[in-house]
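Novice:
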Amino acid sequence: MSSNDQAPINQDEVRRILDQHKDKTKTALRVCAHCSLCADSCFLYHVHDKDPRYMPSHKFINSLGKLYKKKGKIDRAGFKEIEEIVWRRCVLCTRCYCPLGIDIPEMIAIARDICRSQEVFFQWSELEQPAE
Amino acid sequence: MYDFIRGPLVWVAFLVFIFGTAYQVYRFYQLSRPKERYRLRIPFGKPPKDPDEAPGEPTLTWWQQMRLSVVGVNPVMVSVTTLFHLALVLTPFFVLGHNVLLDLAWQISLPSLPEAVADGLTIVVIAGGVFFLLRRIFLARVRAISTVYDYVVLLIATTPFITGFLAYHHFFDYDTVILLHILAGEIMLMAVPFTKLVHMPYFFINRFVLVHENTLGAGGSRTWR
Ligand code: HEM
Ligand code: HEM
Ligand code: SF4
Ligand code: SF4
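Top to bottom, those sequences are chains A and B.
Going by my numbering, the first sequence opens with residue 1, and the numbers climb by one from there.
Going by my numbering, the second sequence opens with residue 1001, and the numbers climb by one from there.
Listed below in structure tokens is the structure:
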């Protein structure tokens, strides 16, 4: 991970970004019927043997949704989980389909923005390489 | 209490429902701005040569498009939810008991469906509710995002139908059941603007007004500020 990843979370900055997108975040969280119809539209969900953690709604509820509900009061460990969700479990291919029209990739993108502001991002170069 | 539920609360419930829903729509228009529509329509249309041009004729037949859409991917869920929602929205307008009350209050009456049909539609809603309940309990992916709230909302949406059914068939004590029915109907109406049931107006906003990948119709006309 990056050099600065042990610094305390700047909650004001997190809240500032949350506030910028407050209306659409709040609406998406409220409108979601928790129906799981988006699951089958995500190729990563299928690749991972239908692991519910790869379902698009699960990803946005547990990343941006969590940040929003806790008003940004999330520590480094919490951010570590969100990092895993927004970088490893979603590639922002924007192929997900929600019958209620929730723009899930946009929610994940906002969560990525918040993570970046706290120097939380995924370093592809540190990914373990498959054995030669 | 008894009189309050049968009298003033009915009006309060309808006002909360109507003005609450209108307020949600008004808020949306306040918080959004006009935006040009989005034209990308791959893979159902030939990609246009000029990006400003509308997509060409679909390369897939109507049936092939359906099979690729949510209808083909989740046919059972789509069938159940369509029947559930149609019955849920339409039945209350055609129940004889409701029309008698409307007639008494304002001398207007909608055509009532034969009582057996209304009763059948009520059963459709209840059965749909049971289906949603079972999948919420038994499907891992639905369980993974469910909280008590989802069960409560499902209950709020279906109790008017369960109690209406019990009242119509005079199961249990009619006076108590009908009072519970009225209360349940009022709770449901008042819950629409403030719970996940706001998806009623927001389905149309999200799928027809907001511009994004899955906008239907003309492609949408607004975006969030
Ligand atoms: C808020 C005020 C309401 C009042 C005063 C009211 C009153 C009644 C009455 C008097 C009946 C007839 C029962 C009988 O035949 O003896 C009835 C049946 C019924 N009501 Fe309501 N109701 C209300 C709200 C609702 C709502 C909001 C819904 C659904 C969304 C609903 C759904 C039904 C259904 C489905 C039946 C018929 C059940 C059947 O035939 O099997 N009601 N209601
Ligand atoms: C009239 C416009 C409406 C539309 C277009 C609509 C559309 C939808 C859609 C697309 C879903 C997603 C999952 C699924 O397909 O089941 C859904 C779920 C749901 N809707 Fe609606 N809806 C409408 C009105 C209502 C109303 C008025 C109620 C109840 C008062 C309601 C109750 C529900 C419930 C309880 C669920 C969740 C089912 C579950 O637990 O999985 N809907 N709706
Ligand atoms: S399909 Fe849409 S409403 Fe249903 S769980 Fe996924 S995001 Fe929520
Ligand atoms: S944008 Fe993310 S959640 Fe949506 S389909 Fe692609 S990988 Fe899955």
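Think of the CB as a built atom: it goes at the ideal place given N, C-alpha and C, for glycine as much as any other residue.
Please read these numbers as outputs of a predicted model, since none were measured by experiment.
Tell me the rounded alpha-carbon separation between residue 1219 of chain B and residue 1110 of chain B.
Specialist: Looking at the two C-alpha atoms, the distance is approximately 35 Å.
Novice: Using a Cβ cut-off of 8 Å, which residues of the segment 50 to 68 of chain A contact any Cβ in chain B, in chain order?
Specialist: Hits within the stretch, in order: 50, 52, 53, 55, 57, 58, 61.
Novice: Tell me whether residue 32 of chain A counts as near ligand 3, meaning its Cβ is closer than 6 Å to at least one heavy atom of that ligand.
Specialist: Residue 32 of chain A: yes, Cβ under 6 Å from ligand 3.
Novice: Would you list the one or two residues that DSSP bridges to residue 105 of chain A?
Specialist: Answer is none; residue 105 of chain A lacks a bridge partner.
Novice: Quick one: measure Cβ to Cβ for residue 1196 of chain B and residue 32 of chain A, integer angstroms, because I've assumed they're closer than 8 Å.
Specialist: Contact holds; Cβ gap of about 7 Å.
Novice: Who are the neighbours of residue 30 of chain A on chain B, taking C-beta pairs under 7 Å?
Specialist: The contacting residues are 1196, 1198.
Novice: Does the Cβ of residue 1182 of chain B lie closer than 6 Å to at least one heavy atom of ligand 1?
Specialist: Yes; taking the cut-off as 6 Å, the Cβ of residue 1182 of chain B has a heavy atom of ligand 1 nearer than that.
Novice: For the alpha helix (DSSP H) containing residue 1032 of chain B, name the first residue and the last one.
Specialist: From DSSP, residue 1032 of chain B is part of no alpha helix (DSSP H) but of the beta strand (DSSP E) over 1032 to 1034.
Novice: Roughly how far, in whole angstroms, is the beta-carbon of residue 1192 of chain B from the beta-carbon of residue 1007 of chain B, given that I think they are within contact range, below 8 Å?
Specialist: Rounded, the Cβ-Cβ distance is 21 Å, inconsistent with contact.
Novice: Residue 134 of chain A: buried (16+ other C-beta within 10 angstroms of its C-beta) or exposed?
Specialist: There is simply no residue 134 of chain A to check, as chain A begins at 1 and stops at 132 in what is shown.
Novice: What are the start and end residues of the beta strand (DSSP E) that includes residue 87 of chain A?
Specialist: Premise fails: residue 87 of chain A is in no beta strand (DSSP E) and is neither H nor E.
Novice: Would you mind giving the Cβ-Cβ distance between residue 97 of chain A and residue 18 of chain A, rounded to the nearest angstrom? I have them listed as a contact below 8 Å.
Specialist: Between residue 18 of chain A and residue 97 of chain A the Cβ distance is about 26 Å, and since that is not below 8 Å, they are no contact.
Novice: Indicate whether at least one CB of chain B lies closer than 7 Å to the CB of residue 24 of chain A.
Specialist: Cβ-Cβ to chain B under 7 Å: yes for residue 24 of chain A.
Novice: Name the residue from A:93, A:94, A:72 whose alpha carbon lies nearest to the alpha carbon of residue 10 of chain A.
Specialist: Looking at the Cα atoms, A:72 is the closest of the given residues.
Novice: As a quick exercise: from B:1027, B:1190, B:1207, B:1223, pick the residue whose alpha carbon is nearest that of residue 1018 of chain B.
Specialist: With distances taken between Cα atoms, residue 1018 of chain B lies closest to B:1190.
Novice: So, at 7 Å on beta carbons, what are the nonlocal neighbours of residue 1080 of chain B in its own chain, with the 5 sequence-adjacent residues on each side left out?
Specialist: Closer than 7 Å at the Cβ level, and outside the excluded window around residue 1080 of chain B, lie 1128, 1131.
Novice: Kindly list the residues whose CB is nearer than 7 Å to the CB of residue 1092 of chain B, restricted to its own chain and excluding five residues on each side of it in sequence; keep chain order.
Specialist: Same-chain partners within the cutoff: 1098.
Novice: Buried or exposed: which applies to residue 1177 of chain B, given that a residue is buried once 16 or more other Cβ atoms fall within 10 Å of its Cβ?
Specialist: Label assigned to residue 1177 of chain B: buried.
Novice: Determine, for residue 7 of chain A, whether the minimum Cβ-Cβ distance to residues of chain B falls below 7 Å.
Specialist: No, residue 7 of chain A lies away from the interface with chain B (no Cβ there is under 7 Å from its Cβ).
Novice: Give me the chain B residues within the contact set of residue 33 of chain A, using Cβ-Cβ distance strictly less than 8 Å, ordered along the chain.
Specialist: The contacting residues are 1196, 1199.
Novice: Helix or strand or just coil, what does DSSP make of residue 1223 of chain B?
Specialist: DSSP places residue 1223 of chain B in strand when its eight states are reduced to three.
Novice: Name, please, each residue of chain B whose Cβ falls closer than 7 Å to the Cβ of residue 40 of chain A.
Specialist: Neighbours of residue 40 of chain A on chain B, chain order: 1073, 1074.
Novice: Give me the residue from B:1121, B:1106, B:1224, B:1089 with the minimum Cα distance to residue 1165 of chain B.
Specialist: Minimum Cα distance to residue 1165 of chain B is reached at B:1121.
Novice: Could you check which residue in A:8, A:40, A:13 has the C-alpha nearest to that of residue 1141 of chain B?
Specialist: Looking at the Cα atoms, A:40 is the closest of the given residues.
Novice: For residue 1210 of chain B, write down the residues that DSSP places opposite it in a beta bridge.
Specialist: Note: residue 1210 of chain B sits in a beta bridge opposite B:1222.
Novice: State the start and end residues of the unbroken alpha helix (DSSP H) segment that holds residue 22 of chain A.
Specialist: Where residue 22 of chain A is concerned, the enclosing alpha helix (DSSP H) stretches over 22 to 31.
Novice: Between the segment 89 to 102 of chain A and chain B, which residues of the former have CB atoms less than 8 Å from a CB of the latter, in chain order?
Specialist: Here the close residues are 94, 97, 98, 99, 100, 101, 102.
Novice: Measuring only between beta-carbons, confirm whether residue 1145 of chain B sits less than 7 Å from chain A.
Specialist: By this cut-off, residue 1145 of chain B is an interface position.
Novice: Using a threshold of 7 Å, state whether the C-beta atoms of residue 1033 of chain B and residue 1225 of chain B are closer than that.
Specialist: In this structure, residue 1225 of chain B lies closer than 7 Å to residue 1033 of chain B by Cβ.
Novice: Do you know offhand how far residue 103 of chain A's Cα is from residue 1223 of chain B's?
Specialist: Roughly 11 Å between the two C-alpha positions.
Novice: Quick one: does residue 1207 of chain B have its CB under 7 Å from some CB of chain A?
Specialist: It does: the Cβ of residue 1207 of chain B has a partner Cβ on chain A nearer than 7 Å.
Novice: Secondary structure at residue 1075 of chain B, three-state DSSP: helix, strand or coil?
Specialist: Residue state, collapsed to three classes: helix.
Novice: Could you give the distance in angstroms between the alpha-carbon of residue 115 of chain A and the alpha-carbon of residue 1137 of chain B?
Specialist: Approximately 33 Å, taken between the alpha carbons.
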